[in-house]
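Scroll down for the structure; my scribbles are underneath it.
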DNA sequence: ACAACATACAACCAAACGGTTGTAGGTTGT
DNA sequence: ACAACCTACAACCGTTTGGTTGTATGTTGT
């Protein structure tokens, strides 16, 4: 079983979308620094518990955090590997740029060459 | 003049939002690899010219690409520095996680210490 | 001069988003 | 037993998003 390209793009969509909200980024910071229950997180923000819970759910669906049940609490924890996988998508982009620069350098190295 | 934290968060919102669409990520790949006119880009996708133009505008507002006018064409080019700045936001997140791990290691190093 | 081309932008529309309140079910402490 | 607590989720609502078509304006080549 090999993951299709569409699945990767779906994952990228979900991850970047999850990161495109400052409340969610803030939640992610907290749960990367340590486990927090959903209600402990909710206490930090000026919005309803349900709103914060939705943000947590978005982060979880994107794979950026995981939750484990302990009694009546749901403890959320940031997944650093997922964060790194987003970073590697960006370095992949950078490598495209490097290819472009390499091509330009090539042109400079051999100026006014007979073309082909 | 120092940029406020809110402005940084606004930039982050815009950048992650811009990256949270596969068409826009694809456009960004192309213009990181080399300059392309908006209509040359539009020809690649199964949607209207106006739709692609909007995607380019979103990327431009986020600072991920720049455009320069050459005659009747607008040539778009990817800004690798902006891509790197997104990457550094992610490594900042990672460092929070490292702090957490450091704290755990500390606990393991000095088990059952008298608590202060 | 003028037709073809490239861009920009407004107006519109369905779908998704980010918030709300309300309801329901499992867990805990007394 | 039961009140307080934690979580989950549905229903609703205004705004934003991603697409469309249409129109206006500038540029190029013949």
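Protein chains in written order, with the numbering used here: chain A, 15 to 130; chain B, 15 to 130.
No residue lacks a Cβ here, since even glycine has one placed at the ideal position from N, Cα and C.
As a quick exercise: from the options, pick the residue whose alpha carbon is nearest that of residue i.
{"i": "residue 83/A", "options": "60/A, 63/A, 49/A", "result": "49/A"}
{"i": "residue 11/B", "options": "119/A, 36/A, 53/A", "result": "In the structure as shown, chain B begins at 15 and stops at 130. Residue 11/B is therefore absent and cannot be evaluated."}
{"i": "residue 68/A", "options": "109/A, 16/A, 41/A, 121/A", "result": "41/A"}
{"i": "residue 107/B", "options": "33/A, 86/A, 119/A", "result": "33/A"}
{"i": "residue 93/B", "options": "73/B, 86/B, 102/B, 103/B", "result": "73/B"}
If you draw a straight line from the C-alpha of residue i to the C-alpha of residue j, how long is it?
{"i": "residue 100/B", "j": "residue 30/B", "result": "8 Å"}
{"i": "residue 128/B", "j": "residue 114/B", "result": "Summary for residue 128/B: the model assigns pLDDT 47, below 50, so the residue's position carries little reliability; its value from the coordinates is reported in the next sentence. About 21 Å."}
{"i": "residue 95/B", "j": "residue 124/B", "result": "43 Å"}
{"i": "residue 130/A", "j": "residue 105/B", "result": "Because residue 130/A carries a pLDDT of 40, less than 50, the predicted location of this residue cannot be relied on, and no value is offered for it."}
{"i": "residue 75/A", "j": "residue 121/A", "result": "46 Å"}
{"i": "residue 109/B", "j": "residue 62/A", "result": "29 Å"}
{"i": "residue 18/A", "j": "residue 25/A", "result": "11 Å"}
{"i": "residue 23/A", "j": "residue 39/B", "result": "9 Å"}
{"i": "residue 59/A", "j": "residue 118/B", "result": "27 Å"}
{"i": "residue 20/B", "j": "residue 86/A", "result": "35 Å"}
{"i": "residue 116/B", "j": "residue 16/A", "result": "36 Å"}
{"i": "residue 64/B", "j": "residue 57/B", "result": "11 Å"}
{"i": "residue 43/A", "j": "residue 102/B", "result": "14 Å"}
For residue i, decide whether its Cβ has a neighbour in chain A, counting only Cβ atoms nearer than 9 Å.
{"i": "residue 43/B", "result": "yes"}
{"i": "residue 101/B", "result": "yes"}
{"i": "residue 39/B", "result": "yes"}
{"i": "residue 123/B", "result": "no"}
{"i": "residue 77/B", "result": "no"}
{"i": "residue 27/B", "result": "yes"}
{"i": "residue 66/B", "result": "no"}
{"i": "residue 72/B", "result": "no"}
{"i": "residue 69/B", "result": "no"}
{"i": "residue 108/B", "result": "yes"}
{"i": "residue 84/B", "result": "no"}
{"i": "residue 94/B", "result": "yes"}
{"i": "residue 113/B", "result": "yes"}
For residue i versus residue j, is the C-beta spacing smaller than 9 Å?
{"i": "residue 52/B", "j": "residue 91/B", "result": "no"}
{"i": "residue 78/A", "j": "residue 66/A", "result": "no"}
{"i": "residue 70/A", "j": "residue 81/A", "result": "yes"}
{"i": "residue 88/A", "j": "residue 111/B", "result": "no"}
Checking contacts by CB at 9 Å: is residue i closer than that to chain B?
{"i": "residue 46/A", "result": "yes"}
{"i": "residue 128/A", "result": "Bear in mind that a pLDDT of 46 at residue 128/A, under 50, signals an unreliable position, so the number given afterwards is only what the model happens to contain. Output row for residue 128/A: interface = no."}
{"i": "residue 35/A", "result": "yes"}
{"i": "residue 23/A", "result": "yes"}
{"i": "residue 50/A", "result": "no"}
Could you give the uninterrupted runs of the beta strand (DSSP E) lying entirely in the stretch 77-101 of chain A, keeping only those of 3 residues or more?
79-84, 87-92
Give, in chain order, every unbroken run of the beta strand (DSSP E) that is at least 3 residues long and sits entirely within the stretch 18-85 of chain B.
79-84
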